[in-house]
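Trainee: Letter 61 of the sequence shown, counting from 1, is numbered 73 in the numbering used here, and no numbers are missing.
Glycine included, each C-beta is placed from N, C-alpha and C at the ideal position.
Note that the structure is predicted; figures quoted are calculated from it, not measured.
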Amino acid sequence: MQVVDTINVKELLEMSKKMSEPLVKAVVDVVLRKLVIDASLHSDEELFLIEQGSSQENLWGINLWPEYYGTGDFVEFDSMINIRPAQSNRSRNVEDEVTRQLILNIVGEKVNG
């Protein structure tokens with residue numbers, strides 16, 4: 013597990029080979045603009061960021077599908093850590109469009125081809 017400043021798709025493809033599906037789990041801190049990757053569970057990444065000073069309400073779980081880099085299917089907004097009725101997010105998805113766009117912007121800054 014690691015916080016990344018930048019990473020390329022080739023590295024993500026290698027990481028994805030360890031998973032049961034060709035994806036890389038990630039958690040984004042939308043306030044501190046951090047991206048942590050390469051764990052089996054989003055909850056492990058969430059805890060890692062909280063231990064580094066992130067606030068849970070700013071953390072969102074996503075999946076990165078390296079083979080779809082450059083398409084709308086590259087980032088999947090699906091994680092159990094996203095279920096938080098107190099923030100009006102009642103599903104595994106990231107329901108707020110502003111938050112989704114912020115996540116996409118952060119991922120775009122950190123991941124390159």
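Who does Ile74 pair with in a DSSP beta bridge?
Mentor: DSSP, once it has assigned bridges, lists Ala38 as partnering Ile74.
Trainee: The ligand COA and Asp41: does any heavy atom of the ligand fall closer than 8 Å to the residue's C-beta?
Mentor: This structure simply doesn't include the ligand COA, nor any ligand for that matter.
Trainee: At which residues does the alpha helix (DSSP H) containing Leu114 begin and terminate?
Mentor: Segment 109-122, the alpha helix (DSSP H) holding Leu114.
Trainee: Rounded to whole angstroms, what's the CA-CA distance from Leu76 to Asn105? Just pull it up for me.
Mentor: Computed Cα separation, rounded: 14 Å.
Trainee: Quick one: Cα of Arg102 to Cα of His54, how far?
Mentor: Each residue's Cα considered, the two are about 17 Å apart.
Trainee: Check each candidate in Tyr81, Asn94, Ala98 and name the one with the smallest Cα separation from Gly120.
Mentor: That would be Tyr81, whose Cα lies nearest to the Cα of Gly120.
Trainee: Using CA coordinates, which residue listed in Thr18, Ile19, Val48, Leu25 is at the minimum distance from Pro78?
Mentor: Closest by alpha carbon: Leu25.
Trainee: So Lys46 is in the beta strand (DSSP E); what residue range does that whole segment cover?
Mentor: Note, Lys46: beta strand (DSSP E), 46-49.
Trainee: Pull the bridge partners of Arg102 from the DSSP assignment, please.
Mentor: Paired residue(s): none; Arg102 is not in a bridge.
Trainee: Using a Cβ-Cβ cut-off of 7 Å (strictly less than) and excluding sequence neighbours within five positions of Leu114, which residues of its own chain qualify?
Mentor: Here the set comprises Val42.
Trainee: Go through its chain and collect everything with a Cβ distance to Gln68's Cβ below 8 Å, but skip five positions before and after it.
Mentor: Closer than 8 Å at the Cβ level, and outside the excluded window around Gln68, lie Glu58, Ile62.
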